[in-house]
Amino acid sequence: MKWFGVLGLVALSECLVTIPLTRIKSMRENLREKDELKDYLEKHPYNLAYKFVESVDPDTGVYYESMRNYLDLAYVGTIRIGTPPQEFKVIFDTGSSDLWVPSIYCSSPACANHNVFNPLLSTTFRVSGRPIHLQYGSGTMSGFLAYDTIRFEGLVDESQAFGLSLREPGKFMEYAVFDGILGLAYPSLSLQGTIPIFDNLWKQGLIAQELFAFYLSKKEEEGSVVMFGDVDHSYYRGDLNWVPVSKPFYWQLSMDSISVNGAVIACSGGCEAIIDTGTSLLIGPSSVVLNIQKIINAKRSYSGEYMIDCSTINTLPDIVFAINGVNYPVPASAYIREGQEGTCYSNFDEGRGGLFVSDSWILGDVFLRLYFTVFNRGNDTIGLAPAV
């Protein structure tokens, strides 16, 4: 599966096992040495960097953290856990609500390829002993719940609940350019009895307003930022259009329609969409996405991906998402990504598996690169405006 970070979690009973872990060379390093890493990631986008900058504007109260844009497929920031701090690269994911990172007790190859948290080195660590299991569109994590101090963007969040992995099965996390996930969806999606990190920031009075916002760069590694507590108007043009959250679970809204050249091709009677920074593509119902692939003349390859003639990018139409009476065009330069050796791929993909709601859309990074997005928990709205 290519889509990541959107759908839910299930708490399962797991055995807590302590397993010594020896660090080995990262699979990413091995692929990079063979000059195969870029090709692999272009063919396997994340649905869900390395210059990190933390800052706060004292005049506005906005807390900033830079994220690295990895090939327009994943946006990764850094957090520090424990006392003294241990550093981790994480996806800031609006499609989930929990924070987790790998632990030294993890037995999976994925953990050997990433930074792992050592509880024995932190004087502020507390373990609950509660087993957890988190399930995402592209992978799963099993482990246990713990508490410690989380530091990022100049903020210090004490006694924060977070997960430590014991198992990360499958290949997805093994090749991931991030260590863990920091969820920013609603508390109703989080592990029962825990308070998500954003809610703790607000509860502890660490931010001025109950909101956060994302600016995702296009192709440039640097420039992407997540901001907390207020909005920096220099990252967008015009006014923010505010859309009500239709269901306070994911960051979900109601769409009016999807059209091409003025003709509605999907969502004619309205449909739902989830705004998800943890998904790289545009995900929709299978029949609708297949029709869009035909419209843009994308052909299915032997690997299952949809390929497009790169020379047609300037001739293909915008695909327009209408939300709350406002049109949000997505041009071909956004819904087509260029791979190696002149190969181009469609950035539309079909929702599949039991975790996907068949009549909904997931508007991932393809959409969010075009539109600066504010997630306002204070009044349960999403603000959208063209990104600079």
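Residue numbers (mature numbering (1 follows the signal peptide of the UniProt record, and there is no 0)): -15 to -1, 1 to 373.
Built from N, CA and C at the ideal position, the CB exists for glycine as well.
So the beta strand (DSSP E) Phe73 belongs to, where does it begin and stop?
Per DSSP, Phe73 belongs to the beta strand (DSSP E) from 71 to 78.
Look at Phe73 and Asn100 and say whether their C-beta atoms are less than 8 Å apart.
It is a contact, given that the beta carbons lie within the stated cut-off.
On the criterion of 16 or more Cβ atoms from any shown chain inside 10 Å, does Ala283 qualify as buried, or is it exposed?
The residue is buried, with at least 16 neighbouring Cβ atoms inside 10 Å.
List the DSSP bridge partners of Phe213.
According to DSSP, Phe213 bridges with Tyr48, Phe197.
For Leu106, count neighbouring Cβ atoms within 10 angstroms of its own Cβ and tell me buried if that reaches 16, exposed if not.
Classification for Leu106: exposed.
Beta-carbon separation of Ile117 and Gly124 under 8 Å?
No. Outside cutoff.
Starting from Ala97, trace the alpha helix (DSSP H) in both directions and tell me its first and last residue.
Its alpha helix (DSSP H) spans residues 94 to 97.
Taking the DSSP output, what are the residues bridged to Thr68?
Beta-bridge pairing links Thr68 to no other residue.
Which residues in the same chain as Asn15 place their Cβ atom closer than 6 Å to its Cβ, once the five residues preceding and following it in sequence are excluded?
Residue placement at Asn15 cannot be trusted, given a pLDDT of 45 that sits under 50; the coordinates are not used to answer.
Considering just the uninterrupted stretch of the beta strand (DSSP E) at Leu130, what are its terminal residues?
Where Leu130 is concerned, the enclosing beta strand (DSSP E) stretches over 125 to 137.
Roughly how many whole angstroms lie between the Cα atoms of Leu167 and Thr79?
So the alpha carbons of these two residues sit roughly 9 Å apart.
Take the Cβ of Asn312 as the centre, count every other Cβ of all protein chains shown within 10 Å, and call the residue buried at 16 or more, exposed below.
Asn312 is exposed by the Cβ-count criterion.
Are at least three pairs of beta-carbons, each pair with one atom in the stretch 236 to 244 and one in the stretch 283 to 296, less than 8 Å apart?
No, the stretch 236 to 244 is not in contact with the stretch 283 to 296.
Quick one: Cα of Lys188 to Cα of Arg136, how far?
Rounded to whole angstroms, Lys188 to Arg136 spans 16 Å at the Cα level.
Classify Asp224 as helix, strand or coil using the three-state DSSP reduction.
Reduced to three states, the DSSP call for Asp224 is coil.
Out of Ala372, Ala307, Asp215, Val274, which one is the CA nearest neighbour of Gly363?
Closest by alpha carbon: Asp215.
If we ignore side chains and look at the alpha-carbon of each, how far apart do Ala146 and Gly223 end up?
Taking the straight line from one Cα to the other gives about 38 Å.
Strictly under 8 Å for the Cβ-Cβ distance: is Gly80 near chain B by that measure?
Included in the structure is just one protein chain, with no chain B present.
Excluding sequence positions up to five away, which residues of its chain have a Cβ less than 8 Å from the Cβ of Ser219?
Val373, listed in sequence order.
Residue range of the beta strand (DSSP E) that Ile89 falls in?
No beta strand (DSSP E) contains Ile89, which DSSP labels as neither H nor E.
Looking at Phe352: is its Cβ nearer than 8 Å to the Cβ of Tyr221?
No, they are not a contact pair.
Are Phe199 and Phe213 closer than 8 Å when you measure CB to CB?
No, they are not a contact pair.
Just list the residues that DSSP pairs Glu232 with in beta bridges.
With the sequence shown as reference, residue 232 is identified as Lys, and Glu is not the correct amino acid for it. BP columns for Lys232 point to Gln237.
Which one or two residues does DSSP pair with Ile260 in a beta bridge?
In the DSSP output, where bridge partners are listed per residue, Ile260 has Leu348.
Taking the continuous beta strand (DSSP E) assigned at Ser144, which residues delimit it?
That run of the beta strand (DSSP E) goes 140 to 152.
Excluding the five sequence neighbours on either side, which residues of its own chain have a C-beta within less than 6 Å of the C-beta of Val305, listed in chain order?
Ser244, Asn312, Pro314.
Please classify Thr63 as buried or exposed, where buried requires at least 16 neighbouring CB atoms within 10 angstroms.
Looking at its Cβ environment, which holds 16 or more other Cβ atoms inside 10 Å, Thr63 is buried.
I'd like to check one pair, Ala131 with Pro172: are the Cβ atoms closer than 8 Å?
Cβ atoms of Pro172 and Ala131: not closer than 8 Å.
Counting only the same chain and skipping the five closest in sequence on each side, list residues whose C-beta sits under 7 Å from that of Lys10.
In this prediction, Lys10 has a pLDDT of 36, which is less than 50 and means its spatial position is unreliable; nothing more can be read from the coordinates.
Which residues bound the alpha helix (DSSP H) around Phe306?
Where Phe306 is concerned, there is no enclosing alpha helix (DSSP H), although the beta strand (DSSP E) it sits in stretches over 304 to 308.
Using a 10 Å radius around the Cβ and a threshold of 16 neighbouring Cβ atoms, would you call Asn246 buried or exposed?
Asn246 comes out exposed.
Does the Cβ of Ala248 have 16 or more other Cβ atoms within 10 Å, making it buried, or fewer, making it exposed?
Looking at its Cβ environment, which holds fewer than 16 other Cβ atoms inside 10 Å, Ala248 is exposed.
Can you tell me the Cα-Cα spacing of Ile268 and Gly289, whole angstroms?
Rounded to the nearest angstrom, the two C-alpha atoms are 15 Å apart.
Is it buried or exposed for Tyr287, if we count other Cβ within 10 angstroms and need 16 for buried?
So Tyr287 ends up on the exposed side.
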